[in-house]
Structures are given as structure tokens and as C-alpha cells.
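Here is the structure we will look at.
Residue numbers (my numbering): 3 to 77.
Written out as C-alpha cells, the structure reads:
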């Protein structure tokens, strides 16, 4: 089963593979952009960034899992 989660990265909400966990981790988004996960818990404002529509299209074949499952983000 392919999983993904949304994450604010580089001024957009991108979809990343669900198995990627933690902060400052190199990641390739579903749209193919190479970046690093944030070093902080995403802010409310960051969650309002525009959705990457290429990620949105690619994510259609995946199962969404939320950040709430990640202990590192709960502090």
C-alpha cells in the first residue's frame, strides 16, 4: 500500500511519501521536487499555503496518513 502525507514545504503544501518521518530529512515530493522536511512543527499559516496540484494528482493513487501519527511532531 502506497501512503502519503501533506507537508508545507517551499511555500506550498506538497505530498510526501508516508514512510518519511522526522525533521530535516531529505525527501522527494510526489511531484518530484527534492527538498528537506521542516525543522519545526508546521505553523497554521504554513498549512494555508497553496496546494501543489502535481502532488495532488499523483496522490490520488495513494492512501493519506496524517502527521498526528508522528511522535516527533507532537513534542
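Every residue gets a Cβ at the ideal spot worked out from N, C-alpha and C, and that includes glycine.
Please read these numbers as outputs of a predicted model, since none were measured by experiment.
Per-residue DSSP class, three states only, for residue 21: Here residue 21 sits in coil by DSSP.
Can you tell me whether residue 31 is buried or exposed, with buried defined as 16 or more other CB within 10 angstroms of its CB? With a threshold of 16 other beta carbon atoms within 10 Å, residue 31 meets it and is buried.
Please state the DSSP three-state secondary structure of residue 36. strand
Within 10 Å of its beta-carbon, does residue 55 have 16 or more other beta-carbons around it, so buried, or fewer, so exposed? exposed
Spatial distance of residue 62 from residue 18 (CA atoms): 13 Å
Could you tell me whether any non-hydrogen atom of the ligand ZN is closer than 7 Å to the CB of residue 22? The ligand ZN is not among the ligands present in this structure, which contains no ligands whatsoever.
Leaving out five residues before and five after residue 12 in sequence, what residues of the same chain have Cβ atoms less than 8 Å from its Cβ? 35 and 37
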